[in-house]
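Novice: Line order of the protein sequences matches chains A and B. Everything in the first sequence is counted per my numbering, starting at 1 for the first residue and increasing by one. Everything in the second sequence is counted per my numbering, starting at 236 for the first residue and increasing by one. Every residue, glycine too, gets a C-beta built ideally from N, C-alpha and C. A single structure is presented below for examination.
Protein chains: 2
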Amino acid sequence: MAPSPPPPLSSAPHGRTGRPRVTSRAQILAAARRLIDEDGWEKLTIRRLAAEMGIGATTLYHHIQGKDDLLVLLLNHYIGEIERPRLPSDPRDRIVAAATAMHDALAAWPWAAEVLTADGFVGLLDESSLWMVEAIVAAADDYGCTPPQTVDVFRSIWYYTVGEILVRSRSPHRRADRELPTFRETFDASRVPHLAALGDQWAALAARDIYPQGLRAFVDGLLAQATSTKPDGAD
Amino acid sequence: MAPSPPPPLSSAPHGRTGRPRVTSRAQILAAARRLIDEDGWEKLTIRRLAAEMGIGATTLYHHIQGKDDLLVLLLNHYIGEIERPRLPSDPRDRIVAAATAMHDALAAWPWAAEVLTADGFVGLLDESSLWMVEAIVAAADDYGCTPPQTVDVFRSIWYYTVGEILVRSRSPHRRADRELPTFRETFDASRVPHLAALGDQWAALAARDIYPQGLRAFVDGLLAQATSTKPDGAD
DNA sequence: GCTACTTTCGGAACATGTTCGGAAAGTCGG
DNA sequence: CCGACTTTCCGAACATGTTCCGAAAGTAGC
């Protein structure tokens, strides 16, 4: 429980009392990236990572909080390297563009789903990764949203984005394992007639990527709601 | 602490060959419900459940697929007991009401978050739990949506709902453990000015429940998009 | 009763994330 | 050089979900 950032490993090895560190957080992150790149993120376990570095598994816990923490750090690194797209000037379009960038950045890493819902995820992001959030907030502000409305707009979009990524990241699993489609193909026509009527169309329709489309509809609805509601927020 | 020894399998028909079963899926579900009600769902482990029933842990796997499967079965039971609200006649209001019911039903069980994203979750629901889905689909259809549009409407709402439940179900965790709010309170004003300007307001604003509000905005946007788009679906 | 067959049971084992307690390896004051 | 102190390392252990495989407990045919 000593979050005091340790001094760099090589530049100041001596000058401090106590047993010298055998590794650094940066080295751990580098090794984790190597493992992910080589064997896939599913093979990234604490013990493997420790073995890769030639240290004890327990030792890792003195440099990272836990596996979730490690994944967030990794994600921050990857997201930080994404180049910022030029965002449209129109606030509505800007929100859509920024949210799409955020979505794509997270969806690119399957293991992001493991930590997306972790306690206050957005608050754990680096400043270099926060420009997406900042862009959405700024655009909502530009549009004329009040601070509460702005936060609501972002949170709503965030929920939608997280849900989409999580649901879609788990769906392909079963399709490879078993032969079940994402949705069952037969429904009781007497109890759920409309579902039964859709029948096997559902599976095909549910396979399409509708994130951008839904996002646009959502942003439209949110901004319309913001401008039509009394900014005072009659709670 | 074992109020249910093994006898009540007496009614099992003896016309079958092989070693007789010592338990049934129904008994497993009943024991699981008992454990959840008494000690909370976090205490529900495979070994505890087996011990409660006086059987070996491995035996459970001959009656259920795994823990996720067990949780889905449990959720189906609980959702099936929810009384169906009278839904408004207006399609838009009906979608909102049904989605809200769906959200509330899932949000009522913290462990629902554990299986919400499991492979084709909606397809695993019982017919007795599917009336919420059916209601949304039927309302979208009533509104004039084409089958693809109808599925898109439901899936969008589903993503939003799942995201909200998952994010909110994990947030309180850390607030109890540590003192971090859901979002960090200080941001670099030079890199993320708008976030910095919101500052500590964010934490308070993010604590509010905005699901119904966001849902209404989303449904408005989705239905507007559906009626304005060529039904042919120009991909 | 005995042998075959069928179905179910469950102990041992595995991999995982994580915690605990003490040993190890330095510095510092003498 | 030595003992005290500080900081870090890591083997052992724990709890979990899950899988393997042989033992157990029935029925069927003789």
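#1: Verify the CB distance criterion: does B/Ser364 have a CB-CB separation below 8 Å to chain A?
#2: Can you look up B/Asp455 in the DSSP assignment and give me helix, strand or coil?
#3: With a threshold of 8 Å between beta carbons, is B/Trp344 in contact with chain A?
#4: Where B/Gly358 and B/Ala439 are concerned, what is the direct C-alpha to C-alpha distance, given to the nearest angstrom?
#5: Is there a C-beta anywhere in chain B that falls below 8 Å from the one on A/Gly66?
#6: Just to make sure I have the definition right: I need the residues of chain A whose C-beta is within less than 9 Å of the C-beta of B/Thr396. Which are they?
#7: So is A/Asp220 in contact with chain B if we call contact Cβ pairs under 8 Å?
#8: On the three-state DSSP scale, how would you describe B/Asp303?
#9: Who are the Cβ neighbours of A/Thr161 in its own chain at under 6 Å, not counting the five residues just before and after it?
#10: Any idea what DSSP makes of B/Arg251, helix, strand or coil?
#11: I believe B/Leu401 touches B/Leu458 by the beta-carbon criterion, under 8 Å. Please report the beta-carbon distance rounded to the nearest angstrom.
#12: Taking 8 Å as the CB-CB limit, is B/Gly449 close to chain A?
#13: Any C-beta of chain B sitting closer than 8 Å to the C-beta of A/Asp104?
#14: Fully enclosed by the stretch 267-350 of chain B, which alpha helix (DSSP H) runs are 4 residues long or longer?
#15: What do you reckon, are the CB atoms on A/Arg170 and B/Asp354 nearer than 8 Å?
#16: Using beta-carbon positions only, say whether B/Glu362 and A/Asp188 come within less than 8 Å of one another.
#17: Report yes or no: do the stretch 206-221 of chain A and the stretch 86-106 of chain A share at least 3 C-beta pairs separated by less than 8 Å?
#18: Using Cβ-Cβ distances below 7 Å, what residues of the stretch 369-381 of chain B are close to chain A?
#19: Measuring only the C-alpha atoms, how far is A/Thr227 from A/Ala140?
#20: Taking DSSP as the reference, what is the three-state secondary structure of A/Ile165?
#21: What residues in its chain sit with their C-beta under 8 Å from that of A/Thr23, if we drop five residues either side in the sequence?
#22: Listing by chain order, which chain B residues have their CB less than 8 Å from the CB of A/Leu195?
#23: Output yes or no for whether 8 Å exceeds the beta carbon distance between B/Arg327 and B/Ala370.
#24: Does the beta carbon of A/Asp152 sit closer than 8 Å to a beta carbon anywhere in chain B?
#25: Considering only residues of the same chain and omitting the five flanking positions on each side of B/Ser391, which have a CB-CB separation below 8 Å?
#26: Taking just the CA atoms, how far does B/Asp377 sit from A/Leu180?
#27: Cβ closer than 9 Å: which chain B residues qualify as neighbours of A/Ile95?
#28: Just the C-alpha distance for A/Ile36 and B/Ala347, rounded to the nearest angstrom, thanks.
#29: Please report whether the beta-carbon of B/Ala452 lies at a distance below 8 Å from any beta-carbon of chain A.
#30: Report the rounded CA-to-CA distance for B/Arg251 versus B/Gln460, giving the unit in angstroms.
#31: Please confirm whether B/Thr385 and B/Val368 have their CB atoms less than 8 Å apart.
#32: Mind pulling the alpha helix (DSSP H) runs of 4 or more residues that sit fully within the stretch 186-210 of chain A?
#33: Please state whether DSSP places A/Glu134 in a helix, a strand or coil.
#34: Using three-state DSSP, classify B/Val257 as helix, strand or coil.
#35: List the residues of chain A whose Cβ lies closer than 9 Å to the Cβ of B/Asp423, in chain order.
#36: With a threshold of 16 other CB atoms inside 10 Å of the CB of A/Pro148, please say whether the residue is buried or exposed.
Specialist: With the structure as the only source:
#1: Here residue 364 of chain B refers to the residue found at position 129 of the second sequence. No, no contact with chain A.
#2: Mapped onto the second sequence, residue 455 of chain B falls at position 220. In the three-state reduction of the DSSP assignment, B/Asp455 falls in the helix class, which pools H, G and I.
#3: Taking the second sequence and counting its residues from 1, one reaches residue 344 of chain B at position 109. Not closer than 8 Å to any Cβ of chain A, the Cβ of B/Trp344 fails to qualify, so no.
#4: Here residue 358 of chain B is taken as the residue at index 123 of the second sequence, counted from 1. Here residue 439 of chain B is taken as the residue at index 204 of the second sequence, counted from 1. Taking the straight line joining both Cα atoms gives about 37 Å.
#5: On the first sequence, position 66 is the one that residue 66 of chain A refers to. Judged by the 8 Å Cβ criterion, A/Gly66 is not in contact with chain B.
#6: In the second sequence, counting from the first residue as 1, residue 396 of chain B sits at position 161. By Cβ distance, chain A contributes Tyr159, Gly163.
#7: Against the first sequence, residue 220 of chain A aligns to sequence position 220. At a cut-off of 8 Å, the C-beta of A/Asp220 has a neighbouring C-beta in chain B.
#8: Working through the second sequence from its first residue, we reach residue 303 of chain B at position 68. Residue state, collapsed to three classes: helix.
#9: Residue mapping note: residue 161 of chain A aligns to position 161 of the first sequence, counting from 1. Closer than 6 Å at Cβ, skipping near neighbours: His103.
#10: For the purposes of this step, residue 251 of chain B is taken as residue 16 along the second sequence, with counting starting at 1. DSSP places B/Arg251 in coil when its eight states are reduced to three.
#11: The residue labelled residue 401 of chain B in the question sits at position 166 within the second sequence. The residue labelled residue 458 of chain B in the question sits at position 223 within the second sequence. So it is not a contact: roughly 25 Å between Cβ atoms.
#12: The residue given as residue 449 of chain B occupies position 214 in the second sequence. Cβ-Cβ to chain A under 8 Å: yes for B/Gly449.
#13: For this step, residue 104 of chain A is matched to residue 104 along the first sequence. Judged by the 8 Å Cβ criterion, A/Asp104 is not in contact with chain B.
#14: Within the stretch 267-350 of chain B, the complete alpha helix (DSSP H) runs of at least 4 residues are 281-288, 292-295, 302-315, 326-342, 347-350.
#15: Walking along the first sequence from the start, residue 170 of chain A turns up at place 170. Walking along the second sequence from the start, residue 354 of chain B turns up at place 119. Yes, these two residues count as a Cβ contact at 8 Å.
#16: As a position in the second sequence, residue 362 of chain B is number 127, starting the count at 1. As a position in the first sequence, residue 188 of chain A is number 188, starting the count at 1. Pairing B/Glu362 with A/Asp188 gives a Cβ-Cβ distance under 8 Å.
#17: yes
#18: Glu369, Val372, Ala373, Asp376
#19: On the first sequence, position 227 is the one that residue 227 of chain A refers to. On the first sequence, position 140 is the one that residue 140 of chain A refers to. Cα-Cα distance, rounded: 11 Å.
#20: Numbered from 1 along the first sequence, position 165 holds the residue referred to as residue 165 of chain A. DSSP places A/Ile165 in helix when its eight states are reduced to three.
#21: Numbered from its first residue, the first sequence carries residue 23 of chain A at position 23. Around A/Thr23: Leu9, Met53, Ile55, Thr59, His63.
#22: Your numbering for residue 195 of chain A matches position 195 in the first sequence. Ordered by position in chain B, the residues that pass the 8 Å Cβ test against A/Leu195 are Leu365, Val368, Glu369, Val372.
#23: Working through the second sequence from its first residue, we reach residue 327 of chain B at position 92. Working through the second sequence from its first residue, we reach residue 370 of chain B at position 135. It is not a contact, given that the beta carbons lie outside the stated cut-off.
#24: Taking the first sequence and counting its residues from 1, one reaches residue 152 of chain A at position 152. At least one chain B Cβ lies under 8 Å of A/Asp152.
#25: To locate residue 391 of chain B, count along the second sequence from 1; it is residue 156. Result list for B/Ser391: Phe453, Leu457, in chain order.
#26: Here the question's residue 180 of chain A lines up with position 180 in the first sequence. Here the question's residue 377 of chain B lines up with position 142 in the second sequence. Reliability fails at A/Leu180, whose pLDDT of 48 lies under 50, so the model's placement of it is uncertain and no value is given.
#27: Reading the first sequence from its first residue, position 95 is the one you call residue 95 of chain A. Neighbours of A/Ile95 on chain B: none; closest Cβ ~12 Å, over 9 Å.
#28: Locating residue 36 of chain A in the first sequence gives position 36, where the first residue counts as 1. Locating residue 347 of chain B in the second sequence gives position 112, where the first residue counts as 1. Taking the straight line joining both Cα atoms gives about 30 Å.
#29: Mapped onto the second sequence, residue 452 of chain B falls at position 217. By this cut-off, B/Ala452 is an interface position.
#30: Reading the second sequence from its first residue, position 16 is the one you call residue 251 of chain B. Reading the second sequence from its first residue, position 225 is the one you call residue 460 of chain B. Cα to Cα, B/Arg251 sits roughly 58 Å from B/Gln460.
#31: Reading the second sequence from its first residue, position 150 is the one you call residue 385 of chain B. Reading the second sequence from its first residue, position 133 is the one you call residue 368 of chain B. For B/Thr385 and B/Val368, no; Cβs fall outside 8 Å.
#32: 193-198, 201-206
#33: As a position in the first sequence, residue 134 of chain A is number 134, starting the count at 1. In the structure shown, A/Glu134 sits in a helix (DSSP, three-state: H, G or I).
#34: Reading the second sequence from its first residue, position 22 is the one you call residue 257 of chain B. Correct three-state label for B/Val257: coil.
#35: As a working note, residue 423 of chain B is residue 188 in the second sequence. Near B/Asp423 (Cβ distances below 9 Å), the residues of chain A are Glu127, Leu130.
#36: Within the first sequence, the letter at position 148 stands for residue 148 of chain A. Buried, by the Cβ-count rule.
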